[in-house]
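K.L.:
I'd like to ask some things about the structure below.
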Amino acid sequence: HILLRLGRYLWQFKGWLFLAILLSISSNLLSLAGPMYSGYAVDAMVGKGQVNMERVIYCCEIMIALYLVSAALAYILKRIVSTMRSNIFDHLMRLPVSFFDTHAAGDIISRITYDVDTINTSLSNDVVSLAASFITVIGSLVMMLLISPPQATHCQKAVLPLPHGQNHIPKGLPPYALF
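In this text, residue positions in the sequence shown follow the working numbering: the first is 1, and each later residue adds one.
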């Protein structure tokens, strides 16, 4: 019930949330490409006096784009939470005085602060991270294949059996027994 109400409330920000998810995906793609561009920038410095400055500047521009996308994402989430706090305050101002007679001011402030902070954390971490995690996994695979296909193949051979192997852990062992 609460998630449905929150979803309906956040639906008014659907454009901002879509933009936040899009920026998160872009940020993750850029951060995945960051090490590759750092490598290109280092490779562009061949020797003393033999620096391909155009290539180095291009790589630095990519790094700056990553920072700007992250800053824009933080701004959007801050704006959503600020609007939410403003709406809560407006709602509190419309409540009758009898409500404040029966509820302690500290309890009201504590609850509002905790709830809005929880939603802020969920927006900035959980919702955006879900999309970002998916892109990170796919992007990592693509970047590994671009950088070194043979190593990516060996890595896949080592990682793919892991989920299957965890199903065969003896059921009687406590979780800490594996470490």
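Idealized CB from N, CA, C, for every residue including glycine.
1. S26 to G39, Cα distance in whole Å?
2. How big is the Cα-Cα spacing for Q12 and L29?
3. Report the rounded CA-to-CA distance for V137 versus T153, giving the unit in angstroms.
4. Along the chain, where does the alpha helix (DSSP H) that runs through H1 open and close?
5. Take L10 as the anchor and find which of I147, L77, T113 has the nearest alpha-carbon.
6. Would you identify the three-state DSSP class for S70, choosing helix, strand or coil?
7. Give every residue of the same chain whose Cβ lies closer than 8 Å to the Cβ of M36, excluding the five residues on either side of it in the sequence, and list them in chain order.
8. Alpha carbon to alpha carbon, how far is D107 from M53? Give it in angstroms, no decimals.
9. Whole angstroms are fine: how far does the CA of L92 sit from the CA of F99?
10. Skipping 5 residues on each side, what residues in its chain have a beta carbon closer than 6 Å to that of T118?
11. For S82, count neighbouring Cβ atoms within 10 angstroms of its own Cβ and tell me buried if that reaches 16, exposed if not.
12. Going by beta-carbon coordinates alone, are I112 and I88 separated by less than 7 Å?
13. According to the neighbour-count rule (16 or more other Cβ atoms, all chains shown, within 10 Å of its Cβ), is S86 buried or exposed?
14. Going by beta carbon distance, what residues of the same chain come within less than 7 Å of L19, once the five residues before and after it are set aside?
15. How long is the line joining the alpha carbons of P96 and H103, rounded to whole angstroms?
16. Do you know offhand how far Q50's Cα is from Y67's?
P.N.:
Checking against the coordinates, here is how it stands:
1. 20 Å
2. 27 Å
3. 15 Å
4. From DSSP, H1 is part of no alpha helix (DSSP H); its letter is neither H nor E.
5. L77
6. helix
7. M143, L146, I147
8. 60 Å
9. 9 Å
10. none
11. exposed
12. yes
13. exposed
14. I76
15. 12 Å
16. 28 Å
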